[in-house]
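>
Protein chains: 2
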Amino acid sequence: MTGMTTAQGARARARNEVTAAIKEEARRQLAADGAVKLSLRAVARELGMVSSALYRYFPSRDELLTALIIDAYDALGAAAEKAREDAGDAPPAACFTAVCEAVRAWALAHPHEYALIYGSPVPGYAAPETTIPAAARTGMVLIGIFRDAQQGPGLAELPLPDELRPEAERLAADLAPDLTPEVAAALVAAWAQLFGLVSFELFGQFNNVIEDRERFFRYAATGLAHGAGLG
Amino acid sequence: MTGMTTAQGARARARNEVTAAIKEEARRQLAADGAVKLSLRAVARELGMVSSALYRYFPSRDELLTALIIDAYDALGAAAEKAREDAGDAPPAACFTAVCEAVRAWALAHPHEYALIYGSPVPGYAAPETTIPAAARTGMVLIGIFRDAQQGPGLAELPLPDELRPEAERLAADLAPDLTPEVAAALVAAWAQLFGLVSFELFGQFNNVIEDRERFFRYAATGLAHGAGLG
DNA sequence: CCGTTGCAAGAGCACTGCTCTTTTTTGTGT
DNA sequence: ACACAAAAAAGAGCAGTGCTCTTGCAACGG
């Protein structure tokens, strides 16, 4: 308990470096071949260590995947945040579509990472609590846009069926207390629908259907914004 | 080349029975543990045969999965068609939401089958042409609803940006020549967004966000219908 | 300077998909 | 009825997987 900080620091530094190298190589393999093909043994092989040594750093393949999931959520969140910043104080609808485009662009650039977080979850694998904050980042960006819109004049009246009011109120309270229930509900719906558009494009459902994906997405995102009361 | 039809018939019957049994057991395992855990050896074991014998019926695991994919598309398509029929000549918006609910219900009842067709595709696996007709069934139901709506008075004017007009015209020509480009574009967008809603619920993105999934979905589906010009 | 602790390595288990070879069954044409 | 070719099943085997357990080694700390 005395001066062991440097000692621990030495060990810990090495440990962190190896951990980072493992994650890096794993991400490389993920990007190349997808999550199902990610193999601990292959990662170890590439790093010149034996497979069992890897278990000192990640207790299981799932834990390694979890680390990659968090990174992916963070990367997507960062991309969304950057798009929001770049949009500055443009009209809310423009901010919204800008963030949508950023999400799509990130997904197209990192298809396997996208599939890891928004594709079918691995059965028997429940995303641990640790992923929640990273996963929330993108949603937070959208919430911010609607928060701003609510203050300005750019937000249309939104219908909210009586039967959904309690849920929408709970939702608003949980998500962002300064949003009206109407806005909160519309926001969540738009959020899910946005990822429907991206997933369909990425997972091949638009093959032989949509040619001009770029323009179609812009059109659909605009519709999304409109449906959620923006613009 | 003479009367070998009966001979082939006898062999073929046995063959079909075994093929069906394999698919049945595979579907059982798929429903139980998901696609990644589906194992040829386990299927063979359960059927009391040795694993290599299975390759006489399905040349690879992927081919078996393809068969299950087609079945899943067909089952979902059938569910959608049934919902459409049950809705009869209700207003288009009601028909639309009814089909949406049917899609969601089927997905909730068959999560792994849903994940197989609308989740992340297995990398390196390209859905062969054979899946296309089955995959189109659900889309056809939606197209039918909009076709009907276009004849009645229940279809609102839809905006279509100039830049998307060529694509929308091509889309309408490919998909359903009797739909206007405006309707075709809106339809495809709604289609993708519908599956975004279902996937988010099924893949756990609504955990800790939406409680009352039932009502929220109804609300969102209504919004989808409205956004596509219905009601 | 010696002991604890952290790490690496090796061997091994129970699996997987898939291939190749050998044996058995089976439906039939003569 | 029987011999024969085609189809099916079985077996062995290869290369790979996640994961565990034991053993050796090296570095750090009192």
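Protein sequences appear in the order of chains A and B. Residues 5 to 235 (the numbering used here) are what the first sequence spells out, left to right. Residues 5 to 235 (the numbering used here) are what the second sequence spells out, left to right. Just so it is clear, CB atoms sit at the ideal spot from N, CA and C, and this is done for glycine as well. Computed from a predicted model, the values in this text were never measured in an experiment.
Beta-carbon within less than 8 Å of L69(B)'s beta-carbon, same chain only, minus the 5 sequence neighbours each way: which residues are those?
Closer than 8 Å at the Cβ level, and outside the excluded window around L69(B), lie A39, L42, L120, V126, Y129.
> Three-state secondary structure (DSSP) at L58(A)?
Looking at L58(A) - three-state DSSP - the assignment turns out to be helix.
> Using the three-state DSSP reduction, which class does L51(A) fall into: helix, strand or coil?
Three-state DSSP puts L51(A) in coil, outside helix and strand.
> Are the C-beta atoms of D93(A) and some chain B residue less than 7 Å apart?
By this cut-off, D93(A) is not an interface position.
> Tell me the residue span of the alpha helix (DSSP H) that contains V202(A).
Looking at the DSSP string, the run of the alpha helix (DSSP H) that includes V202(A) is 185-206.
> Considering only residues of the same chain and omitting the five flanking positions on each side of A91(B), which have a CB-CB separation below 8 Å?
Here the set comprises A98, C99, A102, V103.
> Since S203(A) and G200(B) should fall inside the 8 Å C-beta cutoff, what is the C-beta to C-beta distance between them, to a whole number of angstroms?
The Cβ separation is near 7 Å, so the contact holds.
> Measuring alpha carbon to alpha carbon, tell me which residue in H114(A), Q197(A), E171(A), R219(A) is nearest A229(A).
For the residues H114(A), Q197(A), E171(A), R219(A), the minimum Cα distance to A229(A) belongs to Q197(A).
> Tell me, which residues are paired with L159(B) by DSSP?
L159(B) is bridged to L234(B).
> Could you tell me the boundaries of the alpha helix (DSSP H) in which I121(A) lies?
115-122 is the extent of the alpha helix (DSSP H) around I121(A).
> Would you kindly work out how many angstroms separate the C-alpha atoms of L183(A) and L58(A), rounded to a whole number?
Taking the straight line from one Cα to the other gives about 46 Å.
> In angstroms with no decimal places, state the Cα-to-Cα distance between A35(A) and L112(A).
Straight-line Cα distance between these residues: approximately 12 Å.
> Can you name the start and end residues of the alpha helix (DSSP H) that P170(B) belongs to?
Element bounds for P170(B): 169-179.
> Expressed to the nearest angstrom, what Euclidean distance is found between the alpha-carbon atoms of T142(A) and T134(B)?
Straight-line Cα distance between these residues: approximately 37 Å.
> Run the CB neighbour count on E67(A), radius 10 Å, all protein chains shown included, and call it buried at 16 or more, exposed below.
By the neighbour-count rule (16 or more Cβ atoms within 10 Å), E67(A) is not buried but exposed.
> I want to know whether the segment 208-216 of chain B touches the segment 172-182 of chain A - three or more CB-CB distances under 8 Å.
As far as the Cβ criterion goes, the segment 208-216 of chain B touches the segment 172-182 of chain A, which means the pair count is three or higher.
> Within a Cβ cutoff of 7 Å, which residues of the same chain sit near V145(B), ignoring the five residues on either side of it in sequence?
Once the five neighbours on either side are set aside, the close Cβ partners of V145(B) are A84, E85, R88, V103.
> With 8 Å as the C-beta to C-beta threshold (strictly closer), list the residues of the segment 96-112 of chain B near chain A in chain order.
Residues passing the 8 Å Cβ filter: none.
> Determine whether the Cβ of R217(B) lies closer than 7 Å to any Cβ atom of chain A.
Chain A contact via Cβ: absent.
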